[in-house]
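Asker:
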Amino acid sequence: MTLKLGVPSKGRLMEKTFEWFSKRDITLTRTGSDREYAGAVHGAEGVDLVLLSAGEIPRELAAGRLHLGVTGTDLVQEKLPLWEQQVEQIAPLGFGHADLILAVPQLWIDVDTLDDLDAVAAAFRAQHGHRLRIATKYHRLVREFLTDVGVADYQLVDSQGATEGTVKNETAEMVADITSTGETLRANHLKLLADGLVLRSQATLWRSRIAKCDSAERANLTDLLERLHG
Amino acid sequence: MIWSPKCVKSLQGKGDPMGQRMTARTLAARLRMNFEAAGARVVEPPYLQPAETLLDLYGEDIRARAYVTIDALRGEQMLRPDFTVPVVQMHMSDGAEPARYTYAGEVFRRQEQDEDRANEYLQVGYEVFDRADPASADAEVFALIALQLRDMPVRAATGDIGILMAAVQGLNTTDLRKSALMRHIWRPRRFRALLDQFSGRSVMPESRKKLLSTEGVLTGQMPAIGKRRPGEVDARVDALRQDAAQPPIAENELLALEALMAVRETIPYASEQMRDIAVDLPAITPALDRLEARTAAMKARGINVDALDFEASYGRTSMEYYDGFVFGFYADARPDLPVIASGGRYDALTRHLGSGAEIPAVGGVLRPDLMVRLEGTTS
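Residue numbers (the working numbering), protein chains in the order written: chain A, 3 to 232; chain B, 126 to 504.
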C-alpha cells in the first residue's frame, strides 16, 4: 500500500503547495485533463497524491483515509473538535495567511471591544426582539470563542460566501470571517474589533494520528518527513 | 410500595453495559412511581422540542450541548436536553394550581470535548408549582430526592442564587450597571470583568477614553448600514457619557459582595457569615430570611442541616435558569461521575415561558444510570 497525501485541488493554494514541495525536491503534478482530479508524485517513494477540496481534508485526516494533508488551521480547528488528538502539525507552509476575526459596521463608533459588543447585543435584543446576528461559516470556532469570553444574546447565521455583504442586506448585524488584508471589510464599511481575533490561520501540513501504516509505509513516512523538515 | 435503594444491589447488571441499561430503566420506573406516590402526576413531554424556545432561553451556547435536527415544515427542532423547559411550558399553558409533576425518560446531550461522557441518558424528575409556601416546597423537593439516594455514598451541596441576585439589586449604583451585572450572574468571568469596570479597578481602554472626550452626535459621517440604526448608536454613546459621570461602586460594597461570593460553609455557619455581610449589603436580608425558613423546613423533614454544605456561588456556572435555592448530590469517591442528582428553584423561568403569567416553581432530577454505576462499584 502507499501513503496518501491530500492537497487542495485547485487555485493558489494548490500551486503554492506544489511550489513548497518542489523546493524540497518532491514534484507534485496534476495528471490528465484540467478537469480531472488526478495527480502524481515524483521524488518520494510510495506516496499517492490525492486532490480534494481543502474543506474536506480535515475530515479525511481524522478518518485515517489520508496520512498527510495540506489545509488551513482554521478548517482543521473548525471541523475537528478533538483536533490535537486526531492530527499532528508537521509544518506551517508560510502562505495562505488568514485571520478569523469579528467585524462590525464602522457606524458603530461605540463598539471597539468585546465588552462593547456584549452590551450592544443586550440592547439590540431588547430593541429589536431578536438576538444580534453574526454571519459566519465558522460556527464552532466563533461560538467557542464567544462562550469563552462571555458574550451573550447573539446568534450565528450561516453564510458560505459574500459574508461582508450580509450587514448591508440586513440579514446579519455583523460578521465573523477570514481576512488577510482587511480590504474587503473596509470596502463594505466594516471594522475589526480590537480584541476580536478568533484565530490566526495559514496553510499547514498535517499528519493524521488515525491513519494506519504498515512497516514499509512507516519507513516511507519517516523518510518523507525527514526530507520535508530539512 | 415505596421502593428502597437497597434494591439496586439485587438489580445489578453485573458490569455489562446492556445489563446496566436495563437496570437503570427499571430503576427509573421505580423512582417515578415513588414520585407519583408523593403526589405527582406523570407527564411525558415529546422528544423533539422547538429549537427557538431553547435558543431564546440559553442563547447560541445550547447548540454545543444539544442535538439539532430540521424539517421543512417545523424548522429547527432539538432532541430534548432536559425536561424542565417542556414541563414548565405545559404547566403554563394549561396547568391547574398547585401542581406536582414527575417524568422519566432520555435526555440528549451533544458531546464535543469528551467521548466518555454520555450523550443520551435517563432522567427522573419531580417538579412542584405551588404559591403557598416556597420554603416548604424547596424542602419537599430536596428531601424527596435525598430519600431516593439514602444509603448511597453521596454528598449534597446547596446554594442560593437568590442571595447573590439580591446583593446585586441592592448595590448603590445605576440601574444600567445593575442590569448588566444581573445579566451575567451565570457567567462568573464576565460578571467579574463588569464588577472591576464599575468599581474603577480596571483600566479604561483608550478607544473608550477617546469616545468620551467627544461631544454631540457622532454618527453623521458614517454610512448608515445595518439594522442597528444611528439613533441606537447615539443613544449608547449618550449612556456611556452619563455612566462615566457616575461614581464607582463603593469599596465596602464591593468587598462585601466578594466576601459573599466566597462563602462556603455548613449552613449554620454560612448563615451567620452572611448575616455579618448583610451589615454592608442590607438588601440581602430578606433572602437570608428565606434561607432560614427553608433550613427550618428541611430540618422539620429530617434533613441534618447542621452538616449540610452551603456555597454562595454554587450553581453559577452550570444552572442557568435557577434563581433561588440550588442543590446537587455528588459521589466524592467517584470523581469520574458527573452530578448524580440536581435541582433548584426557577421562578423566573415560569415568567419567561408564561407570556405574562408566573408561578413559584422548584424541582429536581435524578440520574438512575449513575446510581446503578455507583452501586456497582460500592457493593
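Just so it is clear, CB atoms sit at the ideal spot from N, CA and C, and this is done for glycine as well.
Within this structure, are the beta carbons of Ala46(A) and Leu226(A) separated by less than 8 Å?
Answerer: Indexing the first sequence from 1 puts residue 46(A) at position 44. Indexing the first sequence from 1 puts residue 226(A) at position 224. Cβ distance < 8 Å, so Ala46(A) and Leu226(A) count as in contact.
Asker: Name the residues in the stretch 368–392 of chain B whose C-beta lies less than 7 Å from a C-beta of chain A; which are they?
Answerer: For the stretch 368–392 of chain B, which is checked against every Cβ of chain A, not one residue is closer than 7 Å.
Asker: Does DSSP put Val153(A) in a helix, in a strand, or in coil?
Answerer: Looking up residue 153(A) in the first sequence gives position 151. Coil.
Asker: Counting only beta-carbon separations shorter than 8 Å, does Gln238(B) have a partner in chain A?
Answerer: Your numbering for residue 238(B) matches position 113 in the second sequence. Closer than 8 Å: yes.
Asker: Return helix, strand or coil for Ser129(B), following the three-state DSSP convention.
Answerer: Mapped onto the second sequence, residue 129(B) falls at position 4. With a pLDDT of 45 at Ser129(B), under the threshold of 50, the modelled position of that residue is not reliable, and no figure is offered here.
Asker: Please look up how many angstroms separate the CB atoms of Arg157(B) and Tyr226(B), rounded, as I've assumed it's under 8 Å.
Answerer: By 1-based counting over the second sequence, the position of residue 157(B) is 32. By 1-based counting over the second sequence, the position of residue 226(B) is 101. That belief does not hold up - the Cβ atoms of Arg157(B) and Tyr226(B) are roughly 11 Å apart, past 8 Å.
Asker: Going along chain B, which residues have a C-beta under 9 Å from Gly152(A)?
Answerer: Counting from one through the first sequence, the residue named residue 152(A) turns up at place 150. Result: His309, Arg312, Pro313, Arg314, Arg315, Phe316, Ala318.
Asker: At a CB-CB cut-off below 8 Å, which residues of chain B make contact with Asp179(A)?
Answerer: Here residue 179(A) is taken as the residue at index 177 of the first sequence, counted from 1. In chain order: nothing, as chain B lies at least about 15 Å away.
Asker: Do Leu192(A) and Val106(A) have their beta-carbon atoms positioned less than 8 Å apart in this structure?
Answerer: The residue you call residue 106(A) lines up with position 104 of the first sequence. The residue you call residue 192(A) lines up with position 190 of the first sequence. Against a cut-off of 8 Å, the Cβ pair of Leu192(A) and Val106(A) comes out as a contact.
Asker: Taking Leu198(B) as the reference, give the member of Pro175(B), Arg354(B), Asp141(B) with the closest Cα.
Answerer: Sequence index remark: in the second sequence, residue 198(B) carries index 73 (1-based). Checking every option, the nearest Cα to that of Leu198(B) belongs to Pro175(B).
Asker: When every heavy atom of the ligand SAH is checked, does at least one fall within less than 7 Å of the C-beta of Phe126(A)?
Answerer: Annotation note on the ligand SAH: not contained in the displayed structure, which lists no ligands.
Asker: Under the DSSP definition of a beta bridge, which residues are partnered with Ser467(B)?
Answerer: To locate residue 467(B), count along the second sequence from 1; it is residue 342. In the DSSP output, where bridge partners are listed per residue, Ser467(B) has Gly453(B), Val490(B).
Asker: Return the first residue and the last residue of the alpha helix (DSSP H) that Val122(A) is part of.
Answerer: One-based indexing of the first sequence puts residue 122(A) at position 120. Run containing Val122(A): 116–130, per the alpha helix (DSSP H) assignment.
Asker: Could one say the Cβ of Trp208(A) lies closer than 8 Å to chain B's Cβ atoms, at least one of them?
Answerer: Here the question's residue 208(A) lines up with position 206 in the first sequence. It does not; no Cβ of chain B falls within 8 Å.
Asker: Run through chain A and tell me which residues come within less than 7 Å of Leu365(B), C-beta to C-beta.
Answerer: What you label residue 365(B) is simply residue 240 of the second sequence in a count that begins at 1. The contacting residues are Asp112.
Asker: What's the C-alpha gap between Phe435(B) and Glu390(B)?
Answerer: Walking along the second sequence from the start, residue 435(B) turns up at place 310. Walking along the second sequence from the start, residue 390(B) turns up at place 265. Each residue's Cα considered, the two are about 5 Å apart.
Asker: Terminal residues of the continuous alpha helix (DSSP H) containing Ser324(B)?
Answerer: As a first step, residue 324(B) must be located in the second sequence, where it is residue number 199. From DSSP, Ser324(B) is part of no alpha helix (DSSP H); its letter is neither H nor E.
Asker: From the beta carbon of Lys303(B), is the nearest beta carbon of chain A less than 8 Å away?
Answerer: Here residue 303(B) refers to the residue found at position 178 of the second sequence. Not one chain A Cβ lies under 8 Å of Lys303(B).
Asker: Taking Cβ to Cβ, would you say Ser467(B) is nearer than 8 Å to Val497(B)?
Answerer: By 1-based counting over the second sequence, the position of residue 467(B) is 342. By 1-based counting over the second sequence, the position of residue 497(B) is 372. No, the Cβ-Cβ distance between Ser467(B) and Val497(B) is not below 8 Å.
Asker: Listing by chain order, which chain A residues have their CB less than 8 Å from the CB of Glu358(B)?
Answerer: Start at 1 with the first residue of the second sequence, and residue 358(B) comes out as number 233. At residue 358(B) the sequence reads Val, which differs from the Glu that was named. Correct list: Leu109, Trp110, Ile111, Asp112.
Asker: What does the Cβ neighbour count give for Ser324(B), buried or exposed, with the cut at 16 atoms within 10 Å?
Answerer: Your numbering for residue 324(B) matches position 199 in the second sequence. It counts as buried.
Asker: If we call anything under 8 Å between Cβ atoms a contact, is Leu194(A) one with Gly184(A)?
Answerer: Numbered from 1 along the first sequence, position 192 holds the residue referred to as residue 194(A). Numbered from 1 along the first sequence, position 182 holds the residue referred to as residue 184(A). Yes, the pair counts as a contact, with Cβ atoms nearer than the cut-off.
Asker: Comparing the C-beta of Lys139(A) with each C-beta of chain B, is any distance below 8 Å?
Answerer: Taking the first residue of the first sequence as 1, we reach residue 139(A) at position 137. No, no contact with chain B.
Asker: Based on the DSSP output, what are the partners of Gly200(B) in its beta bridges?
Answerer: By 1-based counting over the second sequence, the position of residue 200(B) is 75. In the DSSP output, where bridge partners are listed per residue, Gly200(B) has Asp196(B).
Asker: In the stretch 199–220 of chain B, which residues sit with their C-beta less than 8 Å from some C-beta in chain A, listed in chain order?
Answerer: Within the stretch 199–220 of chain B, no residue has a Cβ that lies closer than 8 Å to any Cβ of chain A.
Asker: With DSSP run on the structure shown, which of helix, strand or coil describes Ala42(A)?
Answerer: The residue given as residue 42(A) occupies position 40 in the first sequence. Residue state, collapsed to three classes: strand.
Asker: By how many angstroms is the C-alpha of Gln129(A) removed from the C-alpha of Val588(B)?
Answerer: Absent from the model: residue 588(B). The displayed extent of chain B is 126 to 504, so no value can be given.
Asker: Kindly indicate if chain B contains any beta-carbon less than 8 Å away from that of Glu166(A).
Answerer: Looking up residue 166(A) in the first sequence gives position 164. So no, Glu166(A) is outside the interface.
Asker: By Cβ distance, which residues of its chain are closer than 6 Å to Ser24(A), with the 5 residues on each side in sequence left out?
Answerer: Taking the first residue of the first sequence as position 1, residue 24(A) is located at position 22. Closer than 6 Å at Cβ, skipping near neighbours: no residue.
Asker: Can you tell me which of Ala189(A), Gly13(A), Ser217(A), Arg229(A) puts its alpha carbon nearest to the alpha carbon of Phe97(A)?
Answerer: For the purposes of this step, residue 97(A) is identified with residue 95 of the first sequence, where counting begins at 1. Considering only alpha carbons, the answer is Gly13(A).
Asker: Helix, strand or coil: how does DSSP classify Lys193(A) here?
Answerer: One-based indexing of the first sequence puts residue 193(A) at position 191. Of the three classes helix, strand and coil, the one that applies to Lys193(A) here is strand, per DSSP.
Asker: Thinking Val52(A) and Thr4(A) are a contact (beta carbons under 8 Å), I'd like their distance in whole angstroms, please.
Answerer: Taking the first residue of the first sequence as 1, we reach residue 52(A) at position 50. Taking the first residue of the first sequence as 1, we reach residue 4(A) at position 2. With 8 Å as the limit, Val52(A) and Thr4(A) do not qualify as a contact, their Cβ atoms being about 10 Å apart.
Asker: Assuming Ile212(A) and Ala65(A) form a contact by the criterion Cβ under 8 Å, report the distance between their Cβ atoms to the nearest whole angstrom.
Answerer: Stepping through the first sequence from its first residue, residue 212(A) is reached at position 210. Stepping through the first sequence from its first residue, residue 65(A) is reached at position 63. Right, the Cβ-Cβ distance comes to about 7 Å (below 8 Å), so this counts as a contact.
Asker: Reducing DSSP to helix, strand and coil, say where Gly8(A) ends up.
Answerer: Residue numbering aside, residue 8(A) sits at position 6 when the first sequence is read from its first letter. The answer is strand: DSSP assigns Gly8(A) an E or B state.
Asker: How would you list, in chain order, the residues of chain B whose beta-carbon sits under 8 Å from the beta-carbon of Ala196(A)?
Answerer: Along the first sequence, one-based indexing puts residue 196(A) at 194. Correct list: Pro330, Ser332.
Asker: Quick check on Glu483(B): does DSSP put it in helix, strand or coil?
Answerer: Locating residue 483(B) in the second sequence gives position 358, counting from the first residue. In the structure shown, Glu483(B) sits in coil (DSSP, three-state: anything other than H, G, I, E or B).
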